[in-house]
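Okay, so the sequence shown: first residue is 1 according to the UniProt record's numbering, each after it adds one. Glycine residues also receive a C-beta, built at the ideal position from the N, C-alpha and C atoms. Everything numeric in this text was worked out from a predicted model, so none of it was measured. Worksheet: one structure, shown below.
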Amino acid sequence: MKWLCAGAELVNDSSRGFDIEGRKLFAVRRGGQVYVYSNRCPHRGVALEWHPDQFLDPSNSLIQCATHGALFLIEDGECVAGPCAGQALTRIPSREDAQGIWVSL
Ligand code: FES
C-alpha cells in the first residue's frame, strides 16, 4: 500500500487532494472514517476541485464537483444530484493505522 498522509493531516469534515505516482486522488474524513476516491468526475472526467483541497459543499456534508456542481455521497461516492446522477466516483481502497492513511492503487 502507498502512504498518503499522517492521520492528523486530515481532520474531521475536511478533504485533501493528492497526486500519488501520477494518479489524482482525494480523501475525506467524516465521523472519524476516511474515504478515498479518484479525483475524476464521472460527468466529464475532469478533476473535481477549483481550489486546492476543497472537495466538499459549503455544509461539508457532500462531495461537490466545482465544474457543474454535481453532488456525491461521502460514504459511497454515489452522485445524488447533477448531470451524472446515478453514477459514482471511483473508490480507492484505504486503511488507517498509527503511521497514517494508506491506499492501494
Ligand atoms: S464535470 Fe463534474 S459535474 Fe460536470
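(message) I need the straight-line Cα distance from Val11 to Arg29, nearest angstrom please.
(response) Position 11 of the sequence shown, counting from 1, holds the residue named residue 11. Position 29 of the sequence shown, counting from 1, holds the residue named residue 29. Roughly 6 Å separates the two Cα atoms.
(request) Look up residue 106 in the DSSP assignment and give the residues it is bridged to. (result) Since the first residue shown for the chain is 1 and the last is 105, residue 106 is missing from the structure and cannot be characterised.
(request) Have a look at Val34, His68, Tyr35 and flag the residue whose alpha-carbon is nearest the alpha-carbon of Gly45. (result) Position 45 of the sequence shown, counted from the first residue, corresponds to residue 45. The shortest Cα separation from Gly45 among Val34, His68, Tyr35 belongs to His68.
(request) Can you tell me which of the three DSSP states Glu9 falls into? (result) Position 9 of the sequence shown, counted from the first residue, corresponds to residue 9. DSSP places Glu9 in helix when its eight states are reduced to three.
(request) Please look up how many angstroms separate the CB atoms of Asn39 and Gly17, rounded, as I've assumed it's under 8 Å. (result) Working through the sequence shown from its first residue, we reach residue 39 at position 39. Working through the sequence shown from its first residue, we reach residue 17 at position 17. Rounded to whole angstroms, the Cβ separation of Asn39 and Gly17 is 6 Å, and the two are in contact under 8 Å.
(message) Only counting the same chain, and skipping five residues up and downstream in sequence, which positions put a Cβ closer than 8 Å to that of Gln64?
(response) Residue 64 sits at position 64 when you count from the first residue of the sequence shown. If we look at Gln64 and ignore the five residues flanking it on each side, its Cβ neighbours are Leu48, Phe55, Leu56, Asp57, Ala70, Leu71, Phe72.
(message) What does the alpha-carbon distance come out to for the pair Trp50 and Ala98?
(response) Counting from 1 along the sequence shown, the entry for residue 50 is found at position 50. Counting from 1 along the sequence shown, the entry for residue 98 is found at position 98. Going from the Cα of Trp50 to the Cα of Ala98 covers about 31 Å.
(request) Could you check if Pro42 is buried or exposed, using at least 16 other CB atoms within 10 Å of its CB as the buried criterion? (result) Position 42 of the sequence shown, counted from the start, is the residue given in the question as residue 42. When all chains shown are included, Pro42 counts as buried.
(request) Give every residue of the same chain whose Cβ lies closer than 6 Å to the Cβ of Val103, excluding the five residues on either side of it in the sequence, and list them in chain order. (result) By one-based count along the sequence shown, residue 103 stands at place 103. In its chain, beyond the 5 residues on either side, Lys2, Leu4, Val36, Ile92, Ser94 have a beta carbon closer than 6 Å to the beta carbon of Val103.
(request) Quick one: using the 10 Å Cβ neighbour count with 16 as the cut-off for buried, is Ala27 buried or exposed? (result) For the purposes of this step, residue 27 is identified with residue 27 of the sequence shown, where counting begins at 1. Around the beta carbon of Ala27, 16 or more other beta carbons lie within 10 angstroms, which makes this residue buried.
(request) To the nearest angstrom, report how far apart Ser15 and Gly82 are at their CA atoms. (result) As a first step, residue 15 must be located in the sequence shown, where it is residue number 15. As a first step, residue 82 must be located in the sequence shown, where it is residue number 82. Answer to the nearest angstrom: the Cα atoms are 20 Å apart.
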